[in-house]
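K.L.:
Under UniProt numbering, the first residue of the sequence shown is numbered 1, with each subsequent residue one higher.
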Amino acid sequence: MSFDPYDPVFTLHRGGKLVVNSAVPLSTREDLSLAYTPGVAQVCEAIAADATLVHEYTWVRHTVAVVTDGSAVLGLGNIGPRAALPVMEGKGALFKQFANVDAVPICLATQDTEEIIATVTALAPSFGGINLEDIAAPRCFEIERRLDEALDIPVFHDDQHGTAIVVLAALRNAAALLDRKLDRLRVVVSGAGAAGVAVTKMLVAGGVEPGSVIVVDSRGPIHSGRDDLTSTKRELAELTNADGVRGGISDALRDADVLIGVSGGTIEEEALTGMAPGGAIFALANPTPEVHPVIASRYAAVVATGRSDFPNQINNVLAFPGVFRGALDAGATRITDGMKIAAADAIASVVANELRRDAIVPSPLDPRVAPAVSVAVAEAAVRDGVTR
1 MSFDPYDPVF TLHRGGKLVV NSAVPLSTRE DLSLAYTPGV AQVCEAIAAD ATLVHEYTWV
61 RHTVAVVTDG SAVLGLGNIG PRAALPVMEG KGALFKQFAN VDAVPICLAT QDTEEIIATV
121 TALAPSFGGI NLEDIAAPRC FEIERRLDEA LDIPVFHDDQ HGTAIVVLAA LRNAAALLDR
181 KLDRLRVVVS GAGAAGVAVT KMLVAGGVEP GSVIVVDSRG PIHSGRDDLT STKRELAELT
241 NADGVRGGIS DALRDADVLI GVSGGTIEEE ALTGMAPGGA IFALANPTPE VHPVIASRYA
301 AVVATGRSDF PNQINNVLAF PGVFRGALDA GATRITDGMK IAAADAIASV VANELRRDAI
361 VPSPLDPRVA PAVSVAVAEA AVRDGVTR
């Protein structure tokens, strides 16, 4: 693309989107002596004696790191850490705006799994949570899993779980609107990357029958007879596609009630003709949906995308600010499936009494969302026994 410094987009971004401000006065000698030396030494000694005090007397209780290696940024691909920084700054601005969570972008100049894990582990004492962002599959799965095991603070890969939470919320409301039951739906997930894997697992945890889900990658439906599967896809093959459907996307979509696109590829209109009538299509690739909404509406009663210029935007901002706010408020040490499902239920409940085919999820700007999600997540953290 061409670079125009007078374009409003570049004007807004000039100088970045985040700043750091002092939360305490620094106008007098007394202010300085309390905030810095000699007063700060007392706080340091107290924390050295009791490490749990870090959550009370530092910014840890309201601050997260937004960590990326720049390997899978938006739909731009592997553009590296510097080019990823504007996205991470934007994420930080959303955290602050919607949940009053402070977020620090950390863009790493490495795409080595071991180096990323070691670096984030070393940085973790400065934060109350780790939001992993735009790290390519399959490395993202191992990075999140091992950090979750190693750290005593929440670790959350938003590309996986933020998307999955909002998809579950949207499907709950779509099913209610269409008078369907989740456990009776036949669902096709197009895409087996970070989002596709997480969406599949979240739908199953939320009540969709696992055998009624078919996950499709670039080589067709995932099934146990394939010999080209990664360990993650083998797990999906064991969990889903009870009928062992093979072939292509058209075969997977035959009699399907729901299509969820998280692949970035294009699904031809002909493939949709075999879907069961009156279902739902969520075409979430950005900026170009797998199926254009106009075409999707010919074959589905409810259509959603990842874009703000069409109805029913499936946007992660409905999830991650409230998820972290609730986890931080509860003193959670990790984010459980129960907390994710609680977040999805909270998002769905915000508009449960206002459902229309073009409004199955709240607007990303709806001020009710983050408070509802944070309360639900905090309560779920207590129920799941993952609080300090």
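We put the beta carbon where it would ideally sit given N, CA and C, even for glycine. Everything numeric in this text was worked out from a predicted model, so none of it was measured.
According to DSSP, simplified to helix, strand and coil, what is I214?
P.N.:
Taking the sequence shown and counting its residues from 1, the one referred to as residue 214 is at position 214. In this structure, I214 counts as strand in the three-state DSSP scheme.
K.L.:
Whose C-alpha, out of A330, R186, A150, R139, is nearest the C-alpha of D255?
P.N.:
Numbered from 1 along the sequence shown, position 255 holds the residue referred to as residue 255. Residue R186 is the option with its Cα nearest to D255.
K.L.:
Identify whether A124 lies in helix, strand or coil by the three-state DSSP scheme.
P.N.:
Residue 124 sits at position 124 when you count from the first residue of the sequence shown. Three-state DSSP puts A124 in a helix.
K.L.:
Could you give the C-beta distance for residue 389 and V377, rounded to a whole number, given that I count them as a contact under 8 Å?
P.N.:
The shown model of the chain, from 1 to 388, leaves out residue 389, and the question about it has no answer.
K.L.:
Suppose you measure from the CA of D134 to the CA of S71; what does that come to, to the nearest Å?
P.N.:
Numbered from 1 along the sequence shown, position 134 holds the residue referred to as residue 134. Numbered from 1 along the sequence shown, position 71 holds the residue referred to as residue 71. Going by the C-alpha atoms only, they are around 6 Å apart.
K.L.:
With distances taken from CA atoms, which of D152, H161, D217 is nearest M202?
P.N.:
The sequence position of residue 202 within the sequence shown is 202, counting from 1. M202 has its Cα closest to that of H161, out of D152, H161, D217.
K.L.:
Do V373 and T333 have their C-beta atoms within less than 8 Å of each other?
P.N.:
As a position in the sequence shown, residue 373 is number 373, starting the count at 1. As a position in the sequence shown, residue 333 is number 333, starting the count at 1. In this structure, T333 does not lie closer than 8 Å to V373 by Cβ.
K.L.:
Would you kindly work out how many angstroms separate the C-alpha atoms of V64 and N131, rounded to a whole number?
P.N.:
As a working mapping, residue 64 is identified with position 64 in the sequence shown. As a working mapping, residue 131 is identified with position 131 in the sequence shown. Roughly 7 Å separates the two Cα atoms.
K.L.:
For A150 and A46, what's the separation of their Cα atoms in angstroms?
P.N.:
One-based indexing of the sequence shown puts residue 150 at position 150. One-based indexing of the sequence shown puts residue 46 at position 46. Approximately 25 Å between the Cα atoms of the pair.
K.L.:
For H13, which residues of its own chain have a beta-carbon under 7 Å away from its beta-carbon, when the five flanking residues on both sides are left out?
P.N.:
Here residue 13 refers to the residue found at position 13 when the sequence shown is read from its first residue. If we look at H13 and ignore the five residues flanking it on each side, its Cβ neighbours are P86.
K.L.:
Check for me: the beta strand (DSSP E) holding L76 runs from which residue to which?
P.N.:
As a first step, residue 76 must be located in the sequence shown, where it is residue number 76. Premise fails: L76 is in no beta strand (DSSP E) and is neither H nor E.
K.L.:
Measuring alpha carbon to alpha carbon, tell me which residue in E115, D7, V375 is nearest M339.
P.N.:
The residue you call residue 339 lines up with position 339 of the sequence shown. The shortest Cα separation from M339 among E115, D7, V375 belongs to V375.
K.L.:
Just curious, the alpha helix (DSSP H) that V382 is in, first and last residue?
P.N.:
Within the sequence shown, residue 382 is the residue found at index 382, counting from 1. Segment 369-383, the alpha helix (DSSP H) holding V382.
K.L.:
Which residues in the same chain as P25 place their Cβ atom closer than 7 Å to its Cβ, once the five residues preceding and following it in sequence are excluded?
P.N.:
Sequence index remark: in the sequence shown, residue 25 carries index 25 (1-based). So the qualifying residues of the chain are D31.
K.L.:
So A344 and L168 are in contact, right, with Cβ under 8 Å, and what is the actual spacing, rounded?
P.N.:
Taking the first residue of the sequence shown as position 1, residue 344 is located at position 344. Taking the first residue of the sequence shown as position 1, residue 168 is located at position 168. Between L168 and A344 the Cβ distance is about 4 Å, and since that is below 8 Å, they are a contact.
K.L.:
L94: which of T37, I347, N316, A51 sits nearest, CA to CA?
P.N.:
Working through the sequence shown from its first residue, we reach residue 94 at position 94. Per the Cα distances, N316.
K.L.:
Helix, strand or coil, according to DSSP, for N131 in the structure here?
P.N.:
Along the sequence shown, read from residue 1 onward, the residue named residue 131 stands at position 131. Reduced to three states, the DSSP call for N131 is strand.
K.L.:
Measuring CA to CA, which of F141, A103, D7 is closest to T230?
P.N.:
By 1-based counting over the sequence shown, the position of residue 230 is 230. Looking at the Cα atoms, F141 is the closest of the given residues.
K.L.:
Pull up the DSSP beta-bridge partners for H157, would you.
P.N.:
Translated into the one-based positions of the sequence shown, residue 157 becomes position 157. L132, per the DSSP bridge assignment.
K.L.:
Between which two residues does the beta strand (DSSP E) containing T305 stretch?
P.N.:
The residue given as residue 305 occupies position 305 in the sequence shown. Here the beta strand (DSSP E) through T305 covers 300-305.
K.L.:
Identify the residues that DSSP records as bridge partners of V208: which are they?
P.N.:
Numbered from its first residue, the sequence shown carries residue 208 at position 208. Paired residues: none, contrary to the question.
K.L.:
Can you name the start and end residues of the beta strand (DSSP E) that A283 belongs to?
P.N.:
Start at 1 with the first residue of the sequence shown, and residue 283 comes out as number 283. Taken as a continuous stretch (DSSP letters only), the beta strand (DSSP E) holding A283 covers 279-283.
K.L.:
What number of angstroms, rounded off, separates the C-alpha of A359 from the C-alpha of G220?
P.N.:
The residue labelled residue 359 in the question sits at position 359 within the sequence shown. The residue labelled residue 220 in the question sits at position 220 within the sequence shown. So the alpha carbons of these two residues sit roughly 32 Å apart.
K.L.:
Helix, strand or coil: how does DSSP classify A150 here?
P.N.:
Looking up residue 150 in the sequence shown gives position 150. DSSP places A150 in helix when its eight states are reduced to three.
K.L.:
I need the DSSP call for A348, collapsed to helix, strand or coil.
P.N.:
On the sequence shown, position 348 is the one that residue 348 refers to. The answer is helix: DSSP assigns A348 an H, G or I state.
K.L.:
Determine the extent of the beta strand (DSSP E) in which L259 is found, giving its start and end residues.
P.N.:
As a first step, residue 259 is located in the sequence shown; it is residue number 259 there, counting from the start. 258-261 is the extent of the beta strand (DSSP E) around L259.
K.L.:
Can you tell me whether N173 is buried or exposed, with buried defined as 16 or more other CB within 10 angstroms of its CB?
P.N.:
Locating residue 173 in the sequence shown gives position 173, where the first residue counts as 1. By the neighbour-count rule (16 or more Cβ atoms within 10 Å), N173 is buried.
K.L.:
For L74 and D159, what's the separation of their Cα atoms in angstroms?
P.N.:
Locating residue 74 in the sequence shown gives position 74, counting from the first residue. Locating residue 159 in the sequence shown gives position 159, counting from the first residue. In a straight line, the C-alpha of L74 is about 9 Å away from that of D159.
K.L.:
Where do the N-terminal and C-terminal ends of the beta strand (DSSP E) with P105 fall, by residue?
P.N.:
Residue mapping note: residue 105 aligns to position 105 of the sequence shown, counting from 1. 102-107 is the span of the beta strand (DSSP E), which, as asked, contains P105.
K.L.:
Could you tell me how far apart the beta carbons of I347 and P362 are, in whole angstroms, since I believe they sit closer than 8 Å?
P.N.:
Mapped onto the sequence shown, residue 347 falls at position 347. Mapped onto the sequence shown, residue 362 falls at position 362. Contact flag correct, Cβ pair sits at about 7 Å.
K.L.:
Rounded to whole angstroms, what's the CA-CA distance from L239 to A48? Just pull it up for me.
P.N.:
Taking the first residue of the sequence shown as position 1, residue 239 is located at position 239. Taking the first residue of the sequence shown as position 1, residue 48 is located at position 48. L239 and A48: Cα-Cα distance of roughly 47 Å.
K.L.:
Would you mind working out which of G248, A237, L318 sits nearest T163, comparing C-alpha positions?
P.N.:
Counting from one through the sequence shown, the residue named residue 163 turns up at place 163. With distances taken between Cα atoms, T163 lies closest to L318.
K.L.:
Using a threshold of 8 Å, state whether the C-beta atoms of H62 and V20 are closer than that.
P.N.:
Within the sequence shown, numbered from 1, the residue matching residue 62 stands at position 62. Within the sequence shown, numbered from 1, the residue matching residue 20 stands at position 20. No, Cβ-Cβ distance for H62 and V20 is not below 8 Å.
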